[in-house]
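When the count follows our numbering, it moves up by one through the sequence shown with no breaks and lands on 769 for the last residue. Just so it is clear, CB atoms sit at the ideal spot from N, CA and C, and this is done for glycine as well. Since we're looking at a predicted model, the values are computed, not measured. Everything on this sheet refers to the single structure shown next.
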Amino acid sequence: METRHPREREVKLSDKTAPDFSQAVEHHRSGRFREAERVYRAILDERPDDSDALRLLGVIAHQEGRNEAAVELFSRAITNNRDDAVCFNNLGSALHALGRIDEAVKAYRSALRLNPGYAMAHFNLGNALRDRGEIDDAVSAYRSAVEIDPGYAEAQNNLGNALRRRGDKDAALVAFRAAVAADPRSGQFLNNLAGMLFERGSIEQGVEAFEALVRIEPDNPDACNHLGIALHLQGRLEDSVSAFRNAIAIRHDYADAHNNLGNTLKAQGKDEAATESYKGALEIDPRNANARFNLAMALYRDDNLDPAARELRRAVEADPGHSLARFHLGMIVDRQGDDELAGDHFAELIERAPENEYFLDSWRYAKSRSAPTTRFFTSAFETFQYAMDRARGDGMVLEFGVRYGTSINLIATLTDQPVHGFDSFEGLPEAWGDNPAGTYTTRGCLPEVAPNVELHVGWFADTLPRLVAEHPDPVRLINVDCDIYSSTRTIFDHLGERIGTGTVIVFDEYICNPNWREDEYRAFQEAVQRYAWRYEYLAFNFHSRQTAVRII
Numbered sequence: 218m219e220t221r222h223p224r225e226r227e228v229k230l231s232d233k234t235a236p237d238f239s240q241a242v243e244h245h246r247s248g249r250f251r252e253a254e255r256v257y258r259a260i261l262d263e264r265p266d267d268s269d270a271l272r273l274l275g276v277i278a279h280q281e282g283r284n285e286a287a288v289e290l291f292s293r294a295i296t297n298n299r300d301d302a303v304c305f306n307n308l309g310s311a312l313h314a315l316g317r318i319d320e321a322v323k324a325y326r327s328a329l330r331l332n333p334g335y336a337m338a339h340f341n342l343g344n345a346l347r348d349r350g351e352i353d354d355a356v357s358a359y360r361s362a363v364e365i366d367p368g369y370a371e372a373q374n375n376l377g378n379a380l381r382r383r384g385d386k387d388a389a390l391v392a393f394r395a396a397v398a399a400d401p402r403s404g405q406f407l408n409n410l411a412g413m414l415f416e417r418g419s420i421e422q423g424v425e426a427f428e429a430l431v432r433i434e435p436d437n438p439d440a441c442n443h444l445g446i447a448l449h450l451q452g453r454l455e456d457s458v459s460a461f462r463n464a465i466a467i468r469h470d471y472a473d474a475h476n477n478l479g480n481t482l483k484a485q486g487k488d489e490a491a492t493e494s495y496k497g498a499l500e501i502d503p504r505n506a507n508a509r510f511n512l513a514m515a516l517y518r519d520d521n522l523d524p525a526a527r528e529l530r531r532a533v534e535a536d537p538g539h540s541l542a543r544f545h546l547g548m549i550v551d552r553q554g555d556d557e558l559a560g561d562h563f564a565e566l567i568e569r570a571p572e573n574e575y576f577l578d579s580w581r582y583a584k585s586r587s588a589p590t591t592r593f594f595t596s597a598f599e600t601f602q603y604a605m606d607r608a609r610g611d612g613m614v615l616e617f618g619v620r621y622g623t624s625i626n627l628i629a630t631l632t633d634q635p636v637h638g639f640d641s642f643e644g645l646p647e648a649w650g651d652n653p654a655g656t657y658t659t660r661g662c663l664p665e666v667a668p669n670v671e672l673h674v675g676w677f678a679d680t681l682p683r684l685v686a687e688h689p690d691p692v693r694l695i696n697v698d699c700d701i702y703s704s705t706r707t708i709f710d711h712l713g714e715r716i717g718t719g720t721v722i723v724f725d726e727y728i729c730n731p732n733w734r735e736d737e738y739r740a741f742q743e744a745v746q747r748y749a750w751r752y753e754y755l756a757f758n759f760h761s762r763q764t765a766v767r768i769i
């Protein structure tokens, strides 16, 4: 969110001390515009060229949205006093409001020639340059404003937005922090800070910012909705549900909150409740393509594809560019045997977004390696449930990549035995795609986990040898959620000898990533060669990007 011109309407006098001027300014500052206008006009009746009276009448006109009149009044004032930087700044604001941005830029620059230390004029110039698409120059203008006045919260906020637009996220975060420090009770600034924290992977700090926003604006449905999204990402699913329900209680027709509530309920394995939430969103907004897609995923059953296909068709009708809906519809049509129509959907997908080729590569691979018994799911919980049911009856259950505990707590509901969770809680040990090392960190904070979960904190290479030494058991089930090749290889280096017939491995990022063939997939295929495993694909989940394999 941008801040426009919060401080542009300055009510200042050059050197006027007459009682009538003081009275007019008092009326003006108190919002009694008609009384102020009467006094200003009375002054102009006596002194038609009084630049202060002309300018202040222009300020009233601008405040009331009468910007053509404001431009005329400011221009007359400048004719009588070309040394008034404030008047040039005010003229720029009125011109900007009329969309005459080039003229506004000239006016702001005139103000700055007269007063280079004029922070507000730098700020307003930045806004005009931003709206003209000159982001680098806008950044320079905002920087000038905050160098003059570091506590200028609006300028810090807009500097952050401009830096974000040009991709300088670290500097944007600094600016947003400065805006909040200058004005801690601004919901707008807190919202921007929280959003930037999430973009940088600082989930915990982002949640804190959204929680602060809700404390300030408890009746703001958008704040509650954003908090719900943040809490979901943090794995605090019950708290996320509460936040979405609060948003809906404040605004019953909030389609996005109904949709987001459905996503959290689905993550909890509550598919029926999720379905009702998606339907609630669509009753409010029948053309909400995201809710339509999510409803399709909730209705998906691989033994009856028609309900999901129906909703996916509606999703792409509402939004032909909805890549996920188009891709899933293409897969369903392909599974139903209509190769030509599937090809049309896939061609449309790539024509609109060529970068999505990896989705098709993943589907072609899964299709070529599927057996008649291979299942296709859209629910992570159903994938885990199916995998556990088909795993050997004895042995260890392990997860690699715990983070907030969402998946390990689901797995823990499927067995009474101990579930071992491994994570450094410091994020990725190395870069992965566009994600730098340290992404997904919890900053050492451990999640709340089920009573039968045992956490092993540290890097896999340090913690796995201890487990292997202390537990001679075979492996029953592994959930691999560590994303990168090196970490996945470390798992197989230490557990390869324990993995045998009946072991089930669930991969969280095996497919549907731009470089999927170089990460978990590659590490597993190398282990297959190294240990001479034979395996079958139990299930694919193109919604959660999971793959389940069983050693045979």
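For VAL303, which three-state DSSP category applies?
helix
Need the endpoints of the beta strand (DSSP E) that GLU616 sits in, please.
For GLU616, the enclosing beta strand (DSSP E) has its first and last residue at 613-617.
For the putative contact between TYR369 and GLY343, defined by C-beta atoms under 8 Å, what is the C-beta separation to the nearest angstrom?
11 Å between Cβ atoms; not a contact.
Length of the line joining the Cα atoms of GLU302 and PHE427:
Note on identity: in this sequence residue 302 is Ala, with Glu being the wrong assignment. Their Cα atoms are separated by approximately 39 Å.
Short of 8 Å in beta carbon distance, which residues of its chain neighbour GLU714, apart from the five on each side in sequence? Order them along the chain.
TYR748
Which two residues bound the contiguous beta strand (DSSP E) that contains ASN480?
It is not in any beta strand (DSSP E) - ASN480 instead sits in the alpha helix (DSSP H) that spans 472-484.
For VAL458, which residues from the same chain have a beta carbon less than 6 Å from its beta carbon, with the 5 sequence-adjacent residues on both sides left out?
THR481
Go ahead and pull the three-state DSSP assignment for PHE639.
strand
Count the other C-beta atoms from every protein chain shown that fall within 10 angstroms of the C-beta of ILE722, then say buried if there are 16 or more, exposed otherwise.
ILE722 counts as buried, since no fewer than 16 other beta carbons sit within 10 angstroms of its beta carbon.
By DSSP, does PHE594 sit in helix, in strand, or in coil?
coil
Identify whether GLU225 lies in helix, strand or coil by the three-state DSSP scheme.
Only weak support is given to the placement of GLU225: the predicted model assigns it a pLDDT of 47, under 50, and the value that follows is read from those uncertain coordinates. Correct three-state label for GLU225: coil.
Looking only at its own chain, which residues have a Cβ that is under 6 Å from the Cβ of ALA513, when we skip the five neighbours before and after it?
ALA525, GLU528 and LEU529
Rounded to whole angstroms, what's the CA-CA distance from ASP348 to ILE318? Just pull it up for me.
8 Å
Let me know the secondary structure DSSP gives LEU694 once reduced to three states.
strand
Report the rounded CA-to-CA distance for ALA398 versus ALA372, giving the unit in angstroms.
Their backbone Cα atoms lie some 13 Å apart in a straight line.
At a Cβ threshold of 8 Å, is GLU243 touching chain C?
The displayed structure is made up of one protein chain only, and chain C is not part of it.
Reduced DSSP secondary structure (H/G/I, E/B, other) of ASN378:
helix
Is the distance from the Cβ of ALA629 to the Cβ of ALA654 below 8 Å?
no
Rounded straight-line distance, which links the Cα of ASN507 to that of GLY479:
11 Å
Please state the DSSP three-state secondary structure of HIS339.
helix
Give every residue of the same chain whose Cβ lies closer than 7 Å to the Cβ of ASP472, excluding the five residues on either side of it in the sequence, and list them in chain order.
In the sequence as presented, Asp is not what sits at residue 472; that position holds Ala. Excluding residues within five positions, the ones whose Cβ falls inside 7 Å are ALA498, ILE501, ASP502, ASN505 and ALA508.
Once you ignore the five residues that flank HIS244 on each side, which residues in its own chain have a CB closer than 6 Å to its CB?
Counting only Cβ-Cβ distances below 6 Å, and skipping sequence neighbours, we find GLU252 and ALA253.
Top-ranked residue by Cα proximity to LEU331, from GLY560, ILE295, ALA311 and SER310
Looking only at GLY560, ILE295, ALA311 and SER310, the smallest Cα-Cα distance to LEU331 is reached by ILE295.
Decide if THR680 is buried, meaning its Cβ has at least 16 other Cβ atoms within 10 Å, or exposed.
Buried, by the Cβ-count rule.
For THR720, the first and last residue of its enclosing beta strand (DSSP E)
First-last for THR720: undefined, no H or E at that position.
With distance defined between alpha-carbon atoms, name the residue in PRO589, GLY554, PHE677 and ASP366 nearest to GLY618.
PHE677
So which of ALA515, LYS487 and ARG569 has the shortest CA-CA distance to ASP536?
ARG569
Opening and closing residue of the alpha helix (DSSP H) in which PHE544 lies:
540-552
Considering only C-alpha positions, which residue in the set ASP366, GLU421 and ALA270 is nearest to THR656?
Closest option to THR656, Cα to Cα, is GLU421.
If you drop the 5 nearest sequence neighbours on each side, which residues of the same chain put their C-beta closer than 6 Å to that of ILE277?
PHE250 and GLU254
Let me know if GLN746 comes out buried or exposed under the rule of 16 or more other beta-carbons within 10 Å of its beta-carbon.
exposed
Would you check if the distance between the CB atom of PHE639 and the CB atom of LEU615 is smaller than 8 Å?
yes
List the residues that DSSP assigns as beta-bridge partners of VAL184.
Residue 184 falls outside the range modelled here, since the chain spans only 218 to 769, and no answer is possible.
Do ALA447 and PHE415 have their CB atoms nearer than 8 Å?
yes
Suppose contacts are defined by Cβ-Cβ distances below 8 Å. Is ALA474 in contact with LYS483 by that definition?
no
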